[in-house]
């Protein structure tokens with residue numbers, strides 16, 4: 001293999017360079033944590049007809065699959081290792097790990113202080129089992145790993161965490177048996193979320209963490225300046241107010257101690273004690289207000305805005321970098337797979353049809369021969385039934401477009417008694433149901449129902465329930481079960497209405513249940529949520545609703561990040577504060593109940609505001625408390641409560657939480673939403689469409705989501721996240737028409753088949769192009785950067801090392817994981 | 001004049017098209033509110049040597065001046081109108097207007113309810129005088145205006161406001177004389193800020209308003225969705241909690257009334273009543289917390305982030321548009337000026353040297369002949385001492401670069417007694433002072449002093465005061481007064497230290513004054529602010545400090561926007577709520593004092609929290625109250641107070657204020673800071689440098705700010721805003737060296753003169769290029785878009801009409817002003 005191979009195809013020079021070591025003739029890699037790659041031994045390209053070894057095929061299939069799933073685990077390329085790697089990636093093994101991690105995290109619910117207490121032996125043995133699985137999984141991964149396994153911090157972190165946890169468990173068992181009075185501590189529980197991040201499967205969340213970590217240095221400068229400013233103002237406040245001997249509302253001294261002043265002013269930046277902190281000085285001298293106004297202008301409005309700007313700027317930069325690396329890694333895997341599969345034909349290195357179908361079969365058993373042929377047809381630009389390297393590099397994007405065969409379209413009714421179903425009356429009913437006025441009518445009834453619920457006119461409940469049940473049954477009849485349940489909102493309607501119906505019937509039967517018909521009320525109200533469906537179908541709100549739905553999956557990633565911190569802080573909080581504050585119903589005559597069972601809180605603001613329920617008595621309560629701290633308001637009162645029952649050092653806990661979760665993570669979240677929205681907006685202008693989709697459209701294989709004749713569509717695809725794409729809506733009239741215009745090559749089911757290419761037609765196959773505004777943010781980003789990465793989707797692999805220093809910082813392996 | 005004139009210059013085709021009406025042969029204009037232009041009658045280009053009419057010269061000079069100042073008032077081009085226009089723009093007339101507007105606004109301080117009450121006849125007569133001036137100014141502007149004056153809404157608004165105010169004044173005078181018991185209302189006072197916006201001088205603030213107005217439609221969709229969501233959740237909350245018959249902390253019913261639920265949930269989005277609103281339900285049933293958590297996740301975190309994203313996206317788009325229009329307008333004016341001045345020479349239309357100096361003299365008397373020659377030299381690219389149209393279009397950018405002649409550099413001391421000042425000892429002293437260790441030492445002493453102040457070690461005060469006074473005197477001696485006072489921080493040091501010194505001396509003399517030495521304390525503390533100087537000189541904080549300083553002037557524009565709303569709300573608030581809540585010192589025994597003198601507040605949270613000072617008893621107090629509402633925390637408590645003393649309708653006032661000032665304007669402010677920061681960041685990467693600056697650098701005329709040999713620099717220029725550029729800092733060693741490398745053509749004063757072009761050298765002239773990171777945001781934006789507007793800075797005037805619909809929306813005249 002040459003160090004620089006220039007392939008001339010159809011006059012377009014294809015420049016693909018590998019940095020090769022001429023001695024070892026192995027492809028060198030970009031070694032970057034997630035962007036790892038497989039070593040392949042270069043062989044002279046075989047000729048057409050040469051046998052493809054099973055092991056090579058397996059390796060190529062594995063590489064392609066990894067590229068499709070965006071997987072990046074470095075593995076050895078000998079057959080045994082490849083097999084081990086495939087086993088490691090087997091669905092059962094993955095779900096086993098997810099289950100183990102979930103189980104491990106859930107133990108928090110059953111350990112003291114527990115929501116549902118279980119004996120110690122039970123939780124400890126479950127934790128032991130889980131860790132046994134962790135250890136097995138870890139050494140399984142180690143087995144096929146390339147050299148350099150230990151240089152990857154995520155592996156080190158996992159191993160250290162396992163060791164520490166096992167040590168802690170052993171110590172704990174001795175502790176509770178030998179010295180239970182010494183308040184045994186299970187400190188390693190705070191380490192549990194680390195498994196979420198550091199096992200190779202936590203790719204998304206690890207990426208989010210990496211992004212946060214890279215954004216930190218930029219934030220740090222602003223934070224240092226900000227804290228300097230707070231310190232300065234605290235000093236000024238001290239000098240201005242100290243001599244006036246003022247008192248706070250609760251009688252405590254006002255700006256008389258430097259540390260207290262700093263704390264008060266930090267709380268003021270969070271606005272939690274505004275205007276209270278100002279009032280004593282303002283009452284004393286009106287001009288004192290100036291001090292606080294200037295302080296807030298500088299520290300709240302300017303500094304916090306600058307902080308957001310720095311975070312946004314850094315976030316964008318690192319996101320770009322992340323996506324670029326992912327694209328490069330994907331291309332590289334495909335390149336390597338091609339190197340394995342290629343044969344020499346007419347002086348060109350190509351992938352023959354025969355090898356293509358072997359590869360496709362190796363990737364998935366489910367594809368029929370016709371499908372495989374069709375895919376080749378789409379990729380093959382010059383029509384010679386062979387794939388050039390450049391054509392092959394589009395494979396991943398093609399596999400990401402769902403392809404299904406059109407199956408039997410008959411509904412159950414039709415099969416059961418066709419004569420009735422196809423009768424004239426039935427046809428009229430079906431036409432009515434499919435008519436848009438049917439939808440308008442029921443949308444209107446939902447509004448009416450909402451008004452009735454709002455006015456508590458409960459008598460009409462039966463009427464509405466029956467009406468909506470009718471609607472669902474009619475829709476089922478007209479569209480068939482399969483099509484009916486392919487839409488998210490139909491599922492929603494079905495569940496809500498029928499639960500309500502059943503609950504109402506039960507209620508009517510058992511009159512005494514009526515008193516606490518809370519569940520029923522919630523079901524009633526959930527029905528009102530169907531109003532969202534109506535709002536979402538109004539054009540002007542669509543971009544917004546789409547943005548919210550599209551960023552959904554990524555929000556879950558950020559939810560994961562927040563959850564990691566919540567879990568750690570909850571465990572620490574429970575170890576430190578549990579049992580110090582307790583909730584008793586306030587209506588008892590017992591005075592001690594009024595101060596949360598702790599005399600230290602007697603008369604405190606914490607007790608007066610009745611915050612006793614906000615405590616660390618179990619992990620769920622801790623989460624609620626931490627959420628309240630995240631919302632910020634009154635967090636200083638919550639803090640003051642726990643300061644009173646312990647010491648002022650408790651402030652460190654609350655301050656750290658505020659800094660991490662509110663100042664840093666929430667701002668990063670905002671930056672993410674900003675970026676996602678702007679992307680979505682550019683998207684709604686139709687700027688990004690992948691060339692593979694264009695190709696499919698040109699070739700006329702696509703069946704758009706909007707080309708269905710009725711108000712329901714069937715092209716729902718379940719991708720990995722499954723969140724965005726399952727949600728469908730009624731198409732409005734305009735949409736249906738525009739989309740048919742857009743995809744003039746595409747065919748709706750009802751139209752004649754003549755315009756479809758024979759191959760696809762014969763088999764009744766369709767590609768399902770997602771509507772443009774339905775793509776995942778990540779996919780979009782990838783598309784954007786692929787366009788940036790070079791014309792015609794080619795990649796000069798040297799780019800990885802030659803990228804401008806500023807954009808691509810080296811990915812030091814030692815920093816690759818959060819430790 | 002042809003409808004399309006293609007000028008071939010040096011082989012680069014210059015395409016400049018005007019849409020001309022062949023019959024009237026007058027240039028048609030883009031008529032867009034601010035982007036107005038002057039009609040010029042096309043004449044055949046005269047030949048070299050033809051006399052230039054004075055009137056034409058005046059018109060051309062006016063056009064160039066308008067382009068330099070970014071002024072855009074349409075005026076007739078006959079000589080009388082031009083003269084009237086120049087008078088209208090005279091500095092005295094402008095400042096007269098500013099003073100009148102200020103006076104008018106300040107009347108709020110003296111009218112009842114007043115901070116400093118004045119009799120009604122006094123305020124009314126001042127207001128009458130101010131309005132007489134407004135009327136004069138208005139008709140003066142009308143006098144020279146082009147046809148279409150009344151189509152511009154800003155003029156209509158001004159006139160209507162004047163008429164309404166005069167009417168109101170007359171009614172008020174009758175009212176107080178005939179029926180004073182009927183509580184006379186001066187409602188037109190709320191209209192006063194409209195003058196700030198709508199007089200032609202309020203360009204910046206009008207632009208900000210226009211930007212906000214254009215951003216509104218995009219926001220509206222999100223707001224509607226958001227309110228729908230709040231209404232839905234309120235309904236759900238009602239259904240879930242109504243039957244439980246819970247009570248709030250103050251005993252009021254909990255989620256039992258739909259409107260109250262909506263209000264409570266709206267307040268919850270502002271986080272002001274979190275967790276209090278949740279506690280009763282949470283105490284009752286732990287799972288109820290879920291309702292509030294979901295509500296906050298959706299409405300606070302998602303919707304508010306989306307809102308910011310929408311605002312940011314729209315803001316960016318409109319900003320781009322604004323800047324583009326400004327650049328186009330500027331170019332057009334220059335183009336027209338060139339049309340007037342051009343002569344035919346060698347088949348090309350050029351501006352001769354003779355006419356150039358006439359123009360420059362007409363623009364400013366202060367320029368010497370040599371300066372004018374030098375400017376021509378910079379603009380003239382082909383060295384023929386004539387300006388082509390393309391060269392002339394750069395004039396504005398050149399005039400924006402400050403140019404000064406190097407004057408006598410001798411300090412006062414040197415002139416007074418040169419023998420002493422130049423003596424050996426004196427030289428050593430000067431060298432010491434200019435040495436960087438001198439600065440390091442005093443920076444260190446500032447830190448030490450701050451620590452002493454923090455620890456209240458007052459005994460060392462004298463020592464520090466004398467030390468810092470010494471520092472200032474030494475610096476003055478070494479650098480001379482002029483250079484010393486050219487730096488912001490030196491002024492600051494001087495004022496703080498000498499005020500403190502004088503105050504301390506007075507204090508020492510008058511011992512009894514010691515008790516309330518508040519002023520002195522503030523001066524002491526201000527000294528600590530010098531720490532900022534040290535922080536700002538650390539490289540890593542520089543970008544942040546620079547951003548904050550650079551966005552300063554624009555923040556003032558947003559301050560103006562906020563002020564407009566504050567003033568309007570303050571006037572309305574005073575008319576509605578004044579006298580209902582009053583502050584009395586809390587230490588009296590009189591019970592009524594404890595509830596702000598209003599029995600309705602007895603026992604209310606408002607009174608318990610001691611918020612009595614937050615009232616509308618005068619305009620300053622109103623501003624403080626509105627600021628507290630802007631900060632949001634506890635705004636519902638403040639609202640509840642005013643609801644108790646009036647009715648629930650008072651909520652409308654507080655809700656409207658929150659929506660406008662917090663939800664909309666503060667988010668736009670954040671968007672502005674985001675954009676400014678990202679611009680600043682790109683800037684610090686050195687991406688934007690104007691070609692005129694490059695040219696000057698290449699030609700070696702520049703004297704950078706960093707080329708001064710000592711720790712002080714002299715190239716401080718006062719531009720119109722004067723805020724950014726006055727602030728200088730000590731250069732660090734590295735900077736001095738890098739900047740000399742950067743500007744290798746430039747010359748520092750201490751080096752030999754040989755490298756300077758003769759012309760500039762002879763006269764000792766220097767252009768003062770501002771340091772890159774010191775430019776105003778507006779100028780930067782302009783530079784960015786000029787680069788976008790076409791290569792070589794050419795503009796196809798047709799662009800104005802041909803710009804893509806999406807980016808440049810038509811500027812309907814009827815919407816040009818906020819009404």
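Chains as they are written, first to last, in the UniProt record's numbering: chain A, 1 to 819; chain B, 1 to 819. Virtual Cβ for every residue (Gly too), placed ideally from N, Cα, C.
Taking 7 Å as the CB threshold, residue 541/B lines the interface with chain A. Per DSSP, residue 349/A lies in no alpha helix (DSSP H) segment; the continuous beta strand (DSSP E) that holds it begins and ends at 348–350. Distances from the CA of residue 679/A to each of 328/A, 543/A, 296/A and 262/A were compared; the closest alpha carbon is that of 543/A. Interface criterion met: the Cβ of residue 271/A is under 7 Å from a Cβ in chain B. Within chain B, the residues 306 have their CB atoms less than 7 Å from the CB of residue 547/A, given in chain order. The C-beta separation of residue 59/A from residue 311/A comes to about 42 Å, leaving the pair out of contact by the 8 Å criterion. Under DSSP, residue 343/B forms a beta bridge with 350/B. Along the length of the stretch 598–642 of chain A, whole beta strand (DSSP E) runs at least 3 residues long do not occur. Less than 7 Å divides the Cβ of residue 189/B from the Cβ of residue 571/B. In summary, the residues of the stretch 213–244 of chain A whose CB is separated from some CB of chain B by less than 7 Å are 221, 222, 225, 228, 232, 235, 236, 239 and 240, in the order they occur in the chain.
Chain A places no beta carbon closer than 7 Å to that of residue 617/B, leaving this residue out of the contacts. Cβ atoms of residue 598/A and residue 115/A stay farther apart than 8 Å, at about 21 Å.
Annotated as distal: residue 100/B and residue 126/B, with beta-carbon spacing of 7 Å or more. For residue 387/A, the beta-bridge partners assigned by DSSP are 351/A. For residue 678/B, the chain A residues whose C-beta falls within less than 8 Å of its own C-beta are 309, 312 and 313, listed in chain order. Rounded to whole angstroms, the gap between the alpha carbons of residue 225/B and residue 193/B is 32 Å.
Taking 8 Å as the upper bound for CB-CB distance, residue 64/B and residue 334/B are in contact here, some 7 Å apart.
Distance from the Cα of residue 254/A is smallest, within the candidate group 284/A, 227/A and 271/A, for 284/A. Closer than 7 Å to the CB of residue 249/A there is at least one CB belonging to chain B. Under DSSP, the beta-bridge partners assigned to residue 247/A are 253/A. Across the structure, residue 144/B and residue 166/B are spaced so that their CA atoms are roughly 25 Å apart.
Contact annotation: in the stretch 624–638 of chain A, residues whose CB is within less than 7 Å of a CB in chain B are 624, 627, 628, 631, 632, 633 and 634.
In this structure, the straight-line span from the alpha carbon of residue 556/A to that of residue 52/A is close to 43 Å. In the DSSP assignment, residue 47/B is bridged to 344/B. Distance from the CA of residue 359/B to the CA of residue 73/B, rounded to the nearest whole angstrom, comes to 21 Å. Residue state for residue 485/A is assigned as coil, using DSSP reduced to three classes. Residues of chain A with a Cβ closer than 7 Å to the Cβ of residue 162/B do not exist, since the nearest Cβ in that chain sits about 33 Å away. With contacts defined by Cβ atoms closer than 7 Å, residue 654/A and residue 639/A form a contacting pair. The Cβ-Cβ distance between residue 262/A and residue 268/A does not fall below 7 Å.
In this model, residue 455/B and residue 526/B are separated by some 16 Å (Cα to Cα).
For chain A, the residues of the stretch 252–280 of chain B that bring a beta carbon within less than 7 Å of one of its beta carbons are 258, 271, 272, 274, 275, 276 and 279, in chain order.
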